[in-house]
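Peer 1: A single structure is presented below for examination.
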Amino acid sequence: MATPDRFPLPQVTETTRKPEWLKVRLPHGEGYERVKSIVRRTKLSTVCEEARCPNIAECWGGGTATVMLMGEVCTRACRFCHVKVGAPPPLDPMEPIHLAQAVKEMDLEYIVVTSVNRDDRPDGGASHFASAIRELRQHSPKTIVEVLIPDFKGVERDLATVAEARPHVVAHNVETVERLTPTVRDRRAGYKQSLKVLEYLKQRPERLYTKSSIMVGLGETDAELEQTFKDLRAVGVDVLTLGQYLQPSQYHLRVERFVTPQQFEDYKKLAESYGFLYVASGPLVRSSYRAAEFFMKGLMERERLGLASNT
């Protein structure tokens, strides 16, 4: 984790204090409690809890969840992320099957599998991802599997390893606009590299649906956001999510602005004009977001019936 002397402490002002529209209800409900119980008993690491996601009640209560593979220590130090940074432990070879067993018990309709960066691994953990996908599809054939992957340093061999396991959706986040990428993300994560990753995955013979996400409120301009929409569509990204960046601790990047719900609606309409299949845009939207997942579920059902195609 970043140390206090690395970044200056931000000052809380009227522009950085959370507005009313970012307040959420406490998680509760039968579905939520059932998933929570299984998560605790199986010791699954969920991004829903790790990232303190504001939508945890909606997702867990509605049959979706986001889990994290390969431990809780990342080899990269992005300035927006609250995940621990350091030397990760060895991979658990049984993790993919344990994950699949837990997801089967939870009877999830949609599972998002993500991970920390594992630059310490020869393949960045791609084969571990692939094992998890295969186990999930075997144990829960009706569950839609989305993977939110690192960039694997842009190595096509490792990206192919994940694609060949055939997740239903593959996501990789650009996170922010090109100008801010060196400030927001780890130096090993490049804007153009992320676009190349998404383009390669879209052009694969598996014809996977692709997805990406942008945080706003970091100092980007509307023109820069529009250019990012264009860049993502140029490499064939199907689904886009846009949400408000929230500072996870005093040592992370400060919030430069809180985007209003109306501005999010305007961004949604602008992004849709470039041809995304679906755009989820709102203050509490995250890269794993139930509305987008519900859309993907419906799209795949129509495709199964021959009413849609992955273009």
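With my numbering applied, the sequence shown corresponds to residues 3 to 313, in that order. Glycine included, every Cβ here is placed at the ideal spot set by N, Cα and C.
1) Tell me whether the beta-carbon of Ile-135 lies closer than 8 Å to the beta-carbon of Lys-299.
2) Here's the rule: buried if 16 or more other CB atoms are within 10 angstroms of the residue's CB, otherwise exposed. What is Ser-251?
3) Between which two residues does the alpha helix (DSSP H) carrying Gln-249 extend?
4) With a Cβ-Cβ cutoff of 8 Å, do Val-398 and Val-115 count as a contact?
5) Lys-270 and Asp-240 look like a contact to me (Cβ under 8 Å); what is the Cβ gap, rounded to whole Å?
6) Taking Gly-2 and Met-72 to be in contact with their CB atoms under 8 Å, please state how far apart those CB atoms are, rounded to whole angstroms.
7) Using a 10 Å radius around the Cβ and a threshold of 16 neighbouring Cβ atoms, would you call Ser-283 buried or exposed?
8) Nearest CA to the CA of Leu-301: which residue from Asp-109, Leu-279, His-254?
9) Does DSSP put Leu-71 in a helix, in a strand, or in coil?
10) With DSSP run on the structure shown, which of helix, strand or coil describes Ala-89?
11) Would you mind reading off the limits of the alpha helix (DSSP H) that contains Val-199?
12) For Leu-242, write down the residues that DSSP places opposite it in a beta bridge.
13) Does the beta carbon of Ile-113 fall short of 7 Å from some heavy atom of the ligand FMN?
14) When you compare the CB positions of Thr-230 and Val-176, do they come within less than 8 Å of one another, or not?
Peer 2: This is what the structure gives:
1) no
2) exposed
3) No alpha helix (DSSP H) contains Gln-249, which DSSP labels as neither H nor E.
4) Residue 398 is absent from the structure shown; the chain starts at 3 and stops at 313.
5) Their Cβ separation, rounded to whole angstroms, is 15 Å, which puts Lys-270 and Asp-240 out of contact at 8 Å.
6) Outside the modelled stretch of the chain, which goes from 3 to 313, sits residue 2, for which no answer is possible.
7) buried
8) Leu-279
9) strand
10) coil
11) 193 to 205
12) Ser-214, Val-281
13) No copy of the ligand FMN appears in this structure; indeed no ligand is present at all.
14) yes
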